[in-house]
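Scroll down for the structure; my scribbles are underneath it.
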Amino acid sequence: MAPKRRKDDDRATSLEHLLAAKEIAIVCGSGGVGKTTTAAAAAAMAAASLGGKVLVVTVDPARRLANALGLEGFGNVEKPVPAEAFKEAGVEPRGELWAAMLDTKESWDALVNMHAPDRATAQRILENPLYQNVSGRFVQSHDYIAMERLYEIHTSGDYDLIVVDTPPTRNAIDFLEAPERMADFFSSRFLRWLTAPARSRVINFATRPFYQVADRILGTQFLQDISEFFLNFQTMYDGFVERARAVDRLLHDRRSTFIVVSTLEDVPVREAEFFIDALAERKFHLGALVLNKVLPGYFLDPGATRVAQRLCADGPEVAHHVEELTTNPPQVPAVLREIGESFLNFQVVAKREQEQRAELAHVPDVVASVPYFETDIYDLGGLLNLGRQIWGEK
Amino acid sequence: VPEVLDRKLLFVTGKGGVGKSTAAAALALLAAQRGKKTLVVEIDAKGNLADFFEAGPTNYTPREIQPNLWAMSMDTEASLQEYLRLQMRLPAIARIGPLARAFEFVATAAPGVREILTVGKPVWEVREGNYDLVVVDAPATGHIVGQLAAPQAINELVHVGLIRQQTGWLIEILGDTRITGLVIVTTPEEMPVNETIELAARVEDETDVTLAGIIVNRVLPELFGRQEEEVFEELRQPAAVGALNSAAGGPAEPVLEAARLAVTMRRTRAGHIERLRTSVDASIPLLYVPYLFVRAHGFRTTRQVAEALSAELGY
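Residue numbers (the working numbering), protein chains in the order written: chain A, 1 to 394; chain B, 1 to 315.
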């Protein structure tokens with residue numbers, strides 16, 4: 001019996017099976033590895049072949065991606081990808097594809113309006129000069145809001161599958177901890193201390209050193225601004241904490257899965273590895289690993305390697321046999337040498353990639369490789385072509 | 001526009017995966033090789049700056065890792081301690097115990113406090129004249145504006161107090177074109193180029209820092225001239241492929257296909273370089289670093305990139 005090919009082993013289960021069984025797929029990985037494109041391609045494939053209503057939520061997409069989805073642009077509100085875009089790609093979709101972009105500011109505003117006890121408090125918070133800074137620059141505010149939006153959309157029950165592209169973070173696991181961190185923040189003693197003087201105008205013994213330092217660094221006025229702001233903000237405490245816990249539960253739910261995207265370059269691979277371990281440690285479901293921009297396998301072919309070496313070493317000799325088939329024989333030796341050298345150059349990179357791949361110790365059942373994007377993806381057809389590479393179809 | 005290495009403080013940023021840290025390490029190495037006393041500061045807590053020099057882990061205290069070249073990693077808590085000691089003249093007693101947690105909280109609640117400590121340290125080193133050049137391996141494009149704009153933001157929010165007094169000299173040094181510059185690292189690919197163009201505009205609009213240059217990393221070599229490319233196309237015809245197979249004694253198709261891939265990739269990337277060149281101010285230098293077809297990472301790569309930058313800068 002012929003040994004089973006490695007490629008088939010990699011696809012013991014497919015992304016198709018994975019996404020057919022899940023309601024939420026969170027696509028993560030370090031920056032620049034093609035996360036957004038992968039998320040859009042997976043969602044497009046799901047809409048085309050699994051059917052149902054599929055939503056892709058992206059963070060700061062290229063205008064090109066919007067165009068590829070046949071949209072003028074899209075914002076916080078979900079928009080349907082027009083059926084014509086599928087028709088142009090020659091595909092009759094079984095379901096619908098929707099797209100939304102994460103607008104951090106708008107999402108924070110919505111959250112404040114939802115959790116504030118009354119309109120007046122909501123208004124005070126929204127108008128506070130600190131608020132814009134907090135909503136825009138709050139540590140991990142993007143991470144939190146991405147997970148929060150996901151929760152909101154999921155509980156709306158409007159979609160069969162939601163594919164979420166995660167924000168670029170300094171630390172890939174930040175967003176996993178964002179809900180928890182947000183709950184911690186709102187229940188922290190320091191927040192109570194900070195807002196205590198505004199309530200009671202009494203600074204107790206425990207908080208005095210803190211205030212002395214903070215006062216010297218930041219000044220009383222700023223501290224008061226902060227405490228007033230957080231005093232208002234704290235009215236939303238219960239809602240926030242409850243919500244943050246619900247988001248965390250949803251991420252741990254069996255209906256949620258994580259798809260890690262990486263290239264086979266040194267730094268992204270190490271981050272992917274770190275991320276895979278972090279998911280396991282936190283008991284999240286790791287569904288698939290997508291390896292992007294992988295050089296074609298022929299770079300490792302021994303026969304082709306010998307040909308390339310021959311072209312470098314004996315270019316003129318080989319040229320002798322083919323130059324009459326060209327219109328410019330004197331150029332042939334140089335062209336053959338260039339071709340051979342280029343092959344061997346890229347082979348160095350391909351070998352490095354192969355080694356990186358082998359070093360990935362813990363990998364999920366579904367591992368898909370996507371060959372190097374030769375050109376950029378400009379339409380839904382391009383996205384679907386990419387999608388087919390990871391889907392598990394031949 | 002002053003030459004990149006003639007400034008005293010360089011922030012190096014770029015989209016993830018474009019080789020930002022390698023470029024920062026290479027710029028610092030090049031400056032050190034040219035006789036400048038140089039400090040390279042790692043801001044992201046990844047702790048892998050040392051990998052680019054094969055130098056062992058770095059920490060908050062600068063360490064000489066190459067002749068003329070010192071390296072340190074940012075640690076906001078250590079920076080706060082130093083700041084309280086040197087700038088605020090706070091007694092040691094106030095610096096222990098719950099202060100670290102209190103600081104965590106204030107830094108979370110008050111936007112800009114963490115950033116100002118991160119940016120403040122390298123600016124302070126420049127102000128003190130401790131080095132000829134400080135190179136900061138800064139956060140990726142998504143975070144750099146917030147960091148560079150932090151002193152201004154603090155200025156608008158905090159009206160009194162010691163922090164307010166500090167922002168004055170920070171803003172002055174960051175805004176001085178002769179002293180401070182931002183270097184954006186990109187690759188000639190669509191998304192990195194988009195981000196570079198957007199960032200160049202945002203830095204101009206939202207910060208006091210000027211753009212010192214753009215490093216275009218991983219530029220693929222041109223395989224063929226025009227005549228050669230015609231010959232290449234002829235060689236891809238079935239009859240020629242057959243002849244090549246027998247002449248070279250093996251499968252020539254993958255080798256030809258590989259060359260076609262290289263040509264296509266080069267062409268796509270040339271378009272992105274062209275778009276970048278026409279989208280940013282013509283006075284901003286673009287420094288090209290070739291794609292390195294090497295096995296190694298680490299110091300070998302850093303040296304090769306430094307050599308390429310040296311050639312680009314006309315040294």
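Think of the CB as a built atom: it goes at the ideal place given N, C-alpha and C, for glycine as much as any other residue.
Quantities reported herein were computed from a predicted structural model and do not represent experimental measurements.
Within chain A, 331, 334, 335 and 338 have C-beta atoms less than 8 Å from the C-beta of residue 228(B), given in sequence order. Contact fails between the segment 201-213 of chain B and the segment 257-275 of chain B, because fewer than three Cβ pairs, one in each stretch, are under 8 Å apart. Fully contained in the segment 137-220 of chain B are the following beta strand (DSSP E) runs of length 3 or more, in chain order: 180-186 and 210-219.
Setting aside the 5 residues that flank it on each side, residue 269(A) is surrounded in the same chain by 262, 356 and 360, each with a C-beta closer than 7 Å to its C-beta; the list follows chain order. By the rule that beta-carbons nearer than 7 Å mark a contact, residue 293(B) touches chain A. Among the residues of chain A, none has a CB under 9 Å from the CB of residue 8(B); the nearest is roughly 26 Å distant.
In terms of beta-carbon proximity, residue 343(A) lines the interface with chain B, with at least one pair separated by less than 7 Å. Every beta strand (DSSP E) stretch that sits fully inside the segment 258-332 of chain A and reaches 3 residues is listed by chain position as 286-294. Residue environment for residue 332(A): buried (at least 16 other C-beta atoms within 10 angstroms of its C-beta).
Checking the DSSP bridge columns, you'll see residue 373(A) has no partner listed. Against chain B, the beta carbon of residue 143(A) has no neighbour under 9 Å; the closest one sits roughly 12 Å away.
Of all residues in the segment 256-268 of chain A, the ones placed with a Cβ closer than 8 Å to any Cβ belonging to chain B are 263, 265, 266, 267 and 268, in chain order. Residues of the segment 304-315 of chain A whose Cβ lies closer than 9 Å to any Cβ of chain B, in chain order: 304, 305, 306, 307, 308, 310, 311 and 314. Relative to residue 45(A), the option among 32(A), 33(A), 69(A) and 28(A) whose CA is nearest is 69(A). For residue 250(B), the C-beta contacts it makes with chain A under 8 Å involve 303, 304, 306, 307 and 310, in order along the chain. Using a Cβ-Cβ cut-off of 7 Å, residue 235(A) does not count as an interface residue toward chain B, since no Cβ of chain B sits closer than that to its own. Nearest in C-alpha terms to residue 151(B), of all of 237(B), 220(B) and 173(B), is 173(B). No Cβ of chain B is located within less than 7 Å of the beta carbon of residue 300(A). Within chain A, the residues whose beta carbon sits less than 7 Å from that of residue 254(B) are 298, 301 and 304, listed in sequence order.
The beta carbon of residue 52(B) does not come within 7 Å of any beta carbon belonging to chain A, so the residue lies off that interface. Here the alpha carbons of residue 40(B) and residue 37(A) stand approximately 34 Å from one another.
Linking residue 29(B) to residue 154(A) through their CA atoms gives a straight-line distance of about 50 Å. Classified as exposed, residue 114(A) has fewer than 16 neighbouring CB atoms from the shown chains inside 10 Å of its CB.
Judged by beta-carbon spacing, residue 182(B) lies beyond the 7 Å limit of residue 36(B), meaning their Cβ atoms are not closer than that value. DSSP, reduced to helix, strand and coil, places residue 283(B) outside both helices and strands of the structure shown, so it counts as coil. Looking from the CA of residue 82(B), the closest CA among 65(B), 57(B), 118(B) and 50(B) belongs to 118(B).
Sixteen is the threshold: since fewer than 16 other Cβ atoms of the shown chains lie within 10 Å of the Cβ of residue 87(A), the residue is exposed. The beta carbon of residue 56(A) does not come within 7 Å of any beta carbon belonging to chain B, so the residue lies off that interface.
Membership of residue 389(A) in any beta strand (DSSP E) is not indicated; the residue belongs instead to the alpha helix (DSSP H) covering 380-391.
Taking a beta-carbon distance threshold of 7 Å, residue 326(A) counts as an interface residue toward chain B. No Cβ of chain B is located within less than 7 Å of the beta carbon of residue 363(A).
Taking a cut-off of 8 Å on C-beta distances, the segment 304-311 of chain A touches the segment 235-249 of chain B, as three or more cross pairs fall below it.
The continuous stretches of alpha helix (DSSP H) do not include residue 132(B), and DSSP gives it neither H nor E.
Secondary structure of residue 254(B) (DSSP, three-state): helix. Where residue 63(B) is concerned, the enclosing beta strand (DSSP E) starts and stops at 63-66.
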